[in-house]
């Protein structure tokens, strides 16, 4: 019985050592976000990253803080789709018609 418990404990330690916790893994780097204007009636926030350590697993998305044009007390947060692939794909969070971005940011994740 004692040998079985010891073997299971060693196996658990060996398996847990194979994967790094998400906080220890590198994330996309040299990321940016800025205002986006798709047309005169649609605006939002865009984000991208210029470097990844794990292509296809490093992702980011834009987040826009939109306010209603005729009532700035009405605010909504809009999320763009997750994007991946260094130096190319851009995530765009589009504010609805009659809303404009008051600011924005981006989020990153590793899948």
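In this note's numbering, the protein residues as written are 286 to 396. All residues carry an ideal CB built from backbone N, CA and C; glycine is no exception.
Nearest candidate by alpha-carbon position, reference residue i, set the options
i           : options            : result
residue 370 : 334, 321, 385      : 334
residue 373 : 360, 326, 331      : 331
residue 387 : 394, 393, 337, 362 : 362
residue 337 : 317, 313, 365, 380 : 313
residue 319 : 379, 383, 384, 394 : 379
residue 394 : 356, 357, 367      : 367
residue 352 : 328, 375, 339, 365 : 328
residue 365 : 350, 340, 357      : 350
residue 392 : 384, 355, 375      : 375
Residue j beta carbon less than 8 Å from that of residue i
i           : j           : result
residue 321 : residue 396 : no
Simplified DSSP state of residue i, which is helix, strand or coil
i           : result
residue 340 : coil
residue 314 : strand
residue 355 : coil
residue 386 : strand
residue 375 : coil
residue 334 : strand
residue 396 : coil
residue 349 : strand
residue 365 : coil
residue 324 : strand
residue 329 : strand
With 16 other Cβ atoms within 10 Å as the buried cut-off, status of residue i
i           : result
residue 324 : exposed
residue 359 : exposed
residue 343 : buried
residue 308 : In this predicted model, residue 308 has a pLDDT of only 47, less than 50, meaning its place in the structure is not dependable; the value taken from the coordinates is given anyway. So residue 308 counts as exposed.
residue 326 : exposed
residue 347 : buried
residue 317 : exposed
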